[in-house]
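Peer 1: Mind having a look at this structure? Questions to follow.
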């Protein structure tokens, strides 16, 4: 039997979070954190509602996952996030020593890869999973904003 | 009359926060945020107590200051922090568009300047205010830890 727990499978859950952000009039970015194929944290961008630049989806997911685990290091965890993390979120992921980061769309302007933010040596990165879906959602959000 | 509101004046308040962190068995880093010579946020590192890598003094101060202001941009605000911010905190400060960052001791290993994290173009930086006091506190903390 084929393994149903693919990166696409979990990224769809992150996209559902991004859609929830969209409905709340937030830039639609969603994240989940998974350990042993189990979702232990789910979150979406809340910077507007909370009036807080630190309320990115990833930051909330890191806090929630650490709370679930009962420790601050996210060993054996994978973050799925619809948009490439920024400097802040990549910096937080560095401290968390997370095992794997899977992101959807690249952020050519503010993404950590262009900005040169360092991840922990233990962290591996997978790019471009359901990137079109993530980008379409963000484009649709800004198109509605311009109306 | 001399202006009492110098960078040293406010950094002493950040150092008091660092001492509170020390008493809680946290790596002693403290921060305050000031607007119009008024302290609107004070915080210290709580990563151990909260089991959360995102609970750096600066992150908490940014959230608290935005809450006080009622908006997420820290225009006309100055952050005083006893230790040079890391990638995560510098990344958060980038988003906040804070006017000025004053830090005490440099962090040669994990500080944002060595790591190359970008601040917002509107942000100015002052380095080395009461740096010895900040460093002494951190050295004393780790010396006690090794006992």
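Protein chains in written order, with this note's numbering: chain E, 611 to 757; chain Y, 611 to 757. We put the CB at the ideal spot given by N, CA and C, even for glycine.
Name the two residues that bound the continuous beta strand (DSSP E) containing residue 652 of chain E.
Peer 2: Element bounds for residue 652 of chain E: 648-654.
Peer 1: Could you confirm whether any beta carbon from chain Y is found closer than 9 Å to the beta carbon of residue 662 of chain E?
Peer 2: So yes, residue 662 of chain E belongs to the interface.
Peer 1: Since I believe residue 666 of chain E is in contact with residue 696 of chain E (beta carbons under 8 Å), could you give me their beta-carbon distance rounded to a whole number of angstroms?
Peer 2: 7 Å between Cβ atoms; contact.
Peer 1: Report all residues from its chain with a CB closer than 8 Å to the CB of residue 740 of chain Y; omit the five preceding and five following residues, and keep chain order.
Peer 2: The residues are 618, 621, 622, 625, 692, 714.
Peer 1: Under a three-way DSSP split, which group does residue 713 of chain E fall into?
Peer 2: Reduced to three states, the DSSP call for residue 713 of chain E is strand.
Peer 1: What would DSSP say about residue 625 of chain Y, mapped onto helix, strand or coil?
Peer 2: If DSSP states are grouped into helix, strand and coil, residue 625 of chain Y belongs with the helices.
Peer 1: Quick one: what's got a C-beta closer than 7 Å to residue 694 of chain Y's C-beta in the same chain, skipping five residues either side?
Peer 2: Cβ neighbours of residue 694 of chain Y beyond the five flanking positions: 713, 715, 716, 717, 721, 722, 723.
Peer 1: Less than 7 Å between C-beta atoms, sequence neighbours within five positions excluded: which residues of the same chain meet that for residue 645 of chain E?
Peer 2: Same-chain partners within the cutoff: 686, 687.
Peer 1: Exposed or buried, what is residue 754 of chain E when buried is set at 16 or more other beta-carbons lying within 10 Å of its beta-carbon?
Peer 2: That one is exposed.
Peer 1: How about residue 637 of chain Y and residue 674 of chain Y: are their beta carbons less than 9 Å apart?
Peer 2: No, these two residues do not count as a Cβ contact at 9 Å.
Peer 1: If you measure beta-carbon to beta-carbon, which residues of the stretch 684-707 of chain E are closer than 8 Å to chain Y?
Peer 2: From the stretch 684-707 of chain E, only 696, 697, 698, 699, 700, 701, 702, 704, 705, 706 have a Cβ closer than 8 Å to chain Y.
Peer 1: DSSP three-state call for residue 699 of chain E: helix, strand or coil?
Peer 2: Correct three-state label for residue 699 of chain E: helix.
Peer 1: I'd like to know whether the C-beta of residue 673 of chain Y is nearer than 9 Å to at least one C-beta of chain E.
Peer 2: With 9 Å as the cut-off, residue 673 of chain Y counts as an interface residue toward chain E.
Peer 1: Determine, for residue 727 of chain E, whether the minimum Cβ-Cβ distance to residues of chain Y falls below 9 Å.
Peer 2: By this cut-off, residue 727 of chain E is an interface position.
Peer 1: So, are the CB atoms of residue 684 of chain E and residue 641 of chain E less than 9 Å apart?
Peer 2: No, Cβ-Cβ distance for residue 684 of chain E and residue 641 of chain E is not below 9 Å.
Peer 1: Is there a C-beta anywhere in chain E that falls below 9 Å from the one on residue 682 of chain Y?
Peer 2: At least one chain E Cβ lies under 9 Å of residue 682 of chain Y.
Peer 1: For residue 676 of chain Y, return the contacting residues in chain E, with the cut-off set at a CB-CB distance below 8 Å.
Peer 2: The contacting residues are 661, 662, 663.
Peer 1: Could you tell me which chain E residues have their CB closer than 9 Å to the CB of residue 657 of chain Y, listed as they occur along the chain?
Peer 2: Those are 682, 705, listed as they occur along chain E.
Peer 1: List the residues of chain Y whose Cβ lies closer than 7 Å to the Cβ of residue 611 of chain E, in chain order.
Peer 2: Neighbours of residue 611 of chain E on chain Y: none; closest Cβ ~37 Å, over 7 Å.
Peer 1: Quick one: using the 10 Å Cβ neighbour count with 16 as the cut-off for buried, is residue 752 of chain E buried or exposed?
Peer 2: Classification for residue 752 of chain E: exposed.
Peer 1: Is residue 683 of chain Y helix, strand or coil when you go by DSSP?
Peer 2: In this structure, residue 683 of chain Y counts as coil in the three-state DSSP scheme.
Peer 1: For residue 701 of chain E, count neighbouring Cβ atoms within 10 angstroms of its own Cβ and tell me buried if that reaches 16, exposed if not.
Peer 2: With 16 or more other Cβ atoms within 10 Å, it is buried.
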